[in-house]
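Following: one structure in structure tokens, then a few remarks.
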Amino acid sequence: GIGLLDEKIKSISQFPDSIAVLLRHMIVSHHGTREFGSPEPPKTIDAVLLNYIDEIDSKISGIREYIASDESGGNWTSYHRLLERHFYTANKSMQNKEDEIGE
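Using the numbering used here, you'd call the opening residue of the sequence shown number 275 and step up by one each time.
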């Protein structure tokens with residue numbers, strides 16, 4: 275993350291130091307808390323936004339994996355204990371068709 279960013283910054287002449295600091299902070303803090311691997315919490319609006327986007331992406335990916343692996347049949351998944359709910363899957367066959375088209 276940081277190494278790749280620093281390489282890109284060095285390749286751009288007169289890249290503003292203030293923006294470099296903000297970008298580094300966004301990378302370092304995108305996991306949000308130490309509990310999730312972030313050495314420091316997000317401290318700018320952009321960093322907070324990136325953290326929330328990362329959280330949403332992670333949750334949606336987990337839900338999609340759960341729905342894809344669920345074998346209960348019907349329009350609803352079995353109960354997801356961690357998220358404390360069932361998920362509606364009537365569109366599962368449509369999603370599978372979209373995935374096939376995208377391949």
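The C-beta atom is built at its ideal place from N, Cα and C for all residues, glycine as well.
Which one or two residues does DSSP pair with Tyr362 in a beta bridge?
Trp350
What is the residue span of the alpha helix (DSSP H) that His304 lies within?
Counting along the chain, His304 falls outside any alpha helix (DSSP H), and DSSP gives it neither H nor E.
Can you look up Asp344 in the DSSP assignment and give me helix, strand or coil?
coil
Consult DSSP for Lys333 and reduce its assignment to one of helix, strand or coil.
helix
Please go through the same chain and pick out, in chain order, the residues whose beta-carbon is closer than 7 angstroms to the beta-carbon of Tyr362, but skip the five residues on each side of it.
Asn349 and Trp350
Assign Arg355 to one of three DSSP states: helix, strand, or coil.
coil
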